[in-house]
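Step one of this worksheet: look at the structure below.
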Amino acid sequence: MIRASGRALRRLLGLVLMLAVAAAAGIGALAWRLAQGPLPLDQLARAMEDYVNRGDGGVRVSIGSAALAWEGFGGGIDRPLDIRLADVRVLDSAGAEAVVLPEGEVSLGLRSLLLGRFEPRAVRLRGLRIAVLRGEDGALSLDLGGGEAPAPERGPGAANDHRLLAEFGLAPAPAGTTPRFAELRRLVVTAAEVTVDDRQLGARWTIPDATLSLQRRPVARGTAIVLEASGVASADAARLPVRLAAEIGPDGAIEGEIALEAARPAELAAALPALSALAAVEAPAVATLRARRASDGTLASAELRAELGAGGVVLPGGSPLPLTSARLSARYDPSGITLDSFTLVLPGTAGPSPTLTLSGAAIPDADGDWIAEARIRLDALSFADLPKLWPEGVAMNERRWIAANITTGLARELDIRLRAIIPPSRDELIPERISGTVRGENLTVHYLRPMPPVEGVAAVVTFASLAEIDIATKGGRLGGITVPEGRVRLFDLDRRPNRAEVTLRIESAVEEALALIAHPKLDLFSRRGAPPPGITGRGELSLSLAFPLLDALTLDEIDVAVSARARDLRVPALLAGRDLERGRAELTASRTGLRLAGTGVFGPIQAEVTGEMDFRSGPPTQVVERYTAKASPQEGLAALFDLDLAPYLTGPIGAEATLELRRNGQGAATVRADLARARLAVPELGVEKPPGHPGTAEARLALGPGGRLTGADLVRLEAGDIFGRARFRLGRDGRLERIEVTEARLSESRLSGSVLLPERPGGDYAVTLRAPVIDLSRRSREADQTRDPGRAQPTLVVDAAIDRLVFRPGHELREVRGRGALARGVIARAEASALAGQRGTMRLAIAPEGPGRRSFTLTADDAGAVLNALDVLTTMAGGTLTIRGIFDDTQPGHPLTGEAELLDFRLREAPAAARVLQAMTLYGVLDLARGPGVSFTRAVASFTWDDRRLELRDARAISASLGVTAQGTIDRANGRIDLEGTIVPAYVFNSLLGRIPVIGRLFSPEQGGGVFAASYRVRGPLDDPEATVNPLAALTPGFLRGLFGIFEGGQQGPPQSPPGTNDSRQGGG
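Take the sequence shown: its letter number 154 is residue 854 in the working numbering, and every next letter is one higher.
Structure follows, in structure tokens:
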């Protein structure tokens, strides 16, 4: 049995060996044959047709030929041995060719082939024509014959996808069917021509040499299909290299990636009208889109990454924006779209290369709108380029203002957050909220064209809302003006018109600041005139502007507010031709008005000044300007106006002046003076208000057009015993024509009058004086000494009427009437009359008497009353007086030289005369002097009189009992007397002796003298003089009396008596 088994084994091994040799020989023969070329297998082609065309479908497949081909170990689609197919055609139900495939390769599964099934394991097709149609609703249809793809079937796309997946064994097959491609592991299509008709995007694409690859890949939950495709799509002139990679999972979910390489977005936009926005991009692009579609057909997620090379972007409005590079990263999921980063690197046109980064997200809301939020950041950019990056439609007015008015400088650290609504029915953004900041360096800001810009500004721009932008500035210069800080506020940007507010704080020289605010664009001084030139100083100014953002902006639409402070101010010829110096001032101004307040120095005077201007419209009587100047009591205020008021007004004077100007050109000024610390005096009347006593004065001035003075009133002058009111009348040419003193009270004096000024310089002043009473009782002897002889004095033509002229209580003239003229301080001519006592009348006349001479005549019919009234001599009664003389105007003091004559007068109670007669004690004459007085028949005296002293020469007086001679001086300025002369008692007896023939001459020494006479001398104060008498003269003949004069010769004291004589003095004896 063992042998039998061995023989059987040997036979089996032999058979196997024979089979192996036969198989090897067959394989070798087959290999040799395949090496010669493909081995035709027509029966296999028919068998494959029968397998593919089984079923009741209307589509039939025709295979022209089949051949077995050796591809080599690296060249086959799946294995070195493939089946080549040629002339494969797909016929529709009508027998028409739907697909024509020139050639292909198929690798069949060995297991299926042994079971009699032709299930391809791998397929390679070449030259396939594919037509894809995407309907307007997004549904797809496919045609593999190169014709037009049929209209896509209506209905859920998921059903079509399920049937396709079932054919590949990736989904359960319908009942009664068997998947025909369940064993297919790989499908490769090369040299395919793909046509895509995308009616939703309005584009038609052609991919002439496309490559497509499908391959099964085992995954955790089954098998997935990996799809890869590539080609160059073209539409019109656009060429778009495309690479596709996708994976279809066991559940039908699709995850894929599309890569675009070296794309030109502008060309893509030309081919795809729906992407027309990309026409603005002129730069090479590389993009990758990854997406995942869920098994239910919805888009589960997407991610886009794109890069742009060097080129440019045409922004809305047509302005180009050069690009260095750009990078985009964005994501989508059912909750919304997220922009992780969009970075633009721009070439530096006016600074460093700026980098712009955009991020954000968009989510749908319940109404179907998309709510988008974005953040824009920029590291650095020239402000000139900022408008190029500003999206059209977003804060357009802000964009327009910034682009027009911030022309140079660098923007740094821009960080803006934006929220907007994107309605599905509109292609525009609806901005909802904006916030953020941007910092600027070295900016040039035009705050209000055509005014000059501020340069070198550092700023922080804050986007507070869609309706407001705030720009805070630091530093900057405007010509020679420094702008430490400023603010520009754009607001009401959500309504019409948008508005702007500009505030600048300025430090500069005053003249440059004034030039700025006087710019015609601000229109501050067009109605009142600009400040005068030559103003200097340093100042700080705050300028505020408010105006609508309009292209055609009028002056009336600009609100201007100015506040300023100035120091070290100097204003030339501000007051009375004097410069204001060391001034400090504060000023506020707007389109409605201007206010000014300050202090300064006019020469030695410290003053305060305030002013107002009203720029508003109003009636003709509206006050449009008001100024006030105040000066505390101080020396030199009158000198400020070139007024020398001494001796009438001296000492510290305070003043307050107010000026008002009206729209009709009329104006008024009020001046109030504080005279409390001043001395106010009228020396001619002896009236004085000493310092420390209240005193005020108020005057009003009327002004005509152009500020011309038309009139003035001294409303009130009140200081102690001094009170007055006056009016000043001016002509049409502004010349002062008339001064009217309506009321004046000077202690007891009451007067009024007028002064008519000459029409030409150097003319006469016509003075009219009316006085109920003028009181000279207070007048001091020094009154005349206060005159300044060097002061120029006009010619006054005077007409005076004084009811009472009081020299001292009880001593006055009545009904004083006079006319005359004063030239250079002296009376050139005069005619006057007055009443004195009960019936005394005085008349005075002064008239020219040749060059440098004036005649003087004074007559009085009651000399005693007149002299008593004049307070010259109170011890005389009665008599008539005649004085005639000549003024010598060529001599200092204008001395009057002449002769006075008194007739029939009586002298009584004369202190000096009484003392002389008391020293004589002769003939009872003293008793006469003490009693009813000494009556004189005639008195004659030659004299010279000036302002200070009276000099008597050859003065003599005679009566029945006495004869007197005198000569000497009376010094009224110093109140002293120095007279000497001769007293002759019993004048009649002495005169008779002088008439004796032959010897009478021995008893008549001098005219008016006598044999029995005494010499006297009166010296000392006028009120209490000292009198001395030499009685020896009574025993001496006239021709010997001069011998006794040796005792007096050259002595300044009283005459001395010889030894042994009886000398009685001062009433002794």
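From the three backbone atoms N, C-alpha and C, an ideal C-beta is built for every residue, glycine too.
query	result
Distance between residue 1680 and residue 1734 (C-alpha atoms, nearest Å)	Because the pLDDT at residue 1734 is just 47, under 50, the model does not fix this residue reliably, and the point stays unresolved.
Every unbroken alpha helix (DSSP H) within the stretch 952-1013, with a cutoff of 4 residues, ordered by chain	965-971
DSSP state of residue 743 mapped onto helix, strand, coil	helix
Whether residue 1351 touches residue 1379 by CB criterion (8 Å)	yes
Distance CB(residue 1291)-CB(residue 1315) smaller than 8 Å	yes
Under the three-state DSSP convention, the category residue 1105 falls into	helix
Nonlocal neighbours in the same chain, by C-beta distance under 6 Å from residue 1421, ignoring five residues either side	1387 and 1447
Helix, strand or coil at residue 1550 [DSSP, three-state]	coil
Beta-carbon contacts of residue 1118 that lie in its chain and below 6 Å, excluding the five residues immediately before and after	1074 and 1134
8 Å Cβ cutoff met for residue 827 and residue 803	yes
Contact check, residue 1544 vs residue 1523, beta carbons under 8 Å	no
Spatial neighbours of residue 969 in its chain, beta-carbon cut-off 6 Å, leaving aside the 5 residues before and after	975, 976, 978 and 979
Three-state class that DSSP yields for residue 1032 in the structure shown	strand
For residue 1084, the three-state DSSP class (helix, strand or coil)	helix
Cβ pair residue 1533, residue 1508 closer than 8 Å	no
Enclosing beta strand (DSSP E) for residue 1364 [first to last residue]	Here residue 1364 belongs to no beta strand (DSSP E), and DSSP marks it neither H nor E.
Segments assigned alpha helix (DSSP H), at least 4 residues, entirely inside the stretch 1323-1367	1337-1340
Those residues which DSSP pairs with residue 927 across a bridge	914 and 946
Beta-carbon spacing of residue 1498, residue 1505 below 8 Å	no
Of the residues 1303, 1260 and 1234, the one placed nearest residue 1243, counting alpha carbons only	1260
Backbone CA spacing between residue 965 and residue 981 [nearest angstrom]	6 Å
Residue 1718 - containing beta strand (DSSP E), residue span	1714-1721
C-alpha distance - residue 960 paired with residue 985, whole-angstrom precision	8 Å
Where residue 1405 falls: helix, strand or coil (DSSP)	helix
As assigned by DSSP and simplified to three states, the class of residue 1566	helix
Validate contact between the stretch 1136-1152 and the stretch 1163-1181 using beta carbons, cut 8 Å, 3 pairs	yes
Spatial neighbours of residue 1164 in its chain, beta-carbon cut-off 6 Å, leaving aside the 5 residues before and after	1170
Where the beta strand (DSSP E) through residue 1590 begins and ends	From DSSP, residue 1590 is part of no beta strand (DSSP E); its letter is neither H nor E.
Proximity to residue 819 [Cα-Cα], best of 1055, 747 and 1594	747
Assigned secondary structure, residue 1308 (DSSP; H/G/I helix, E/B strand, else coil)	strand
Residues bridged to residue 1774 (per DSSP)	What the structure shows of the chain is the stretch from 701 to 1769, and residue 1774 is not part of that stretch, so it cannot be assessed.
C-beta contact flag for residue 1037 and residue 1026 at 8 Å	no
Helix, strand or coil at residue 836 [DSSP, three-state]	coil
Other residues of its chain near residue 1337: CB distance less than 7 Å, five sequence neighbours each side excluded	1305, 1331, 1353 and 1355
Member of 1670, 1657, 892 and 1644 whose CA lies at the smallest distance from the CA of residue 1634	1657
For residue 1210 and residue 1237, believed in contact at Cβ under 8 Å, the rounded distance	4 Å
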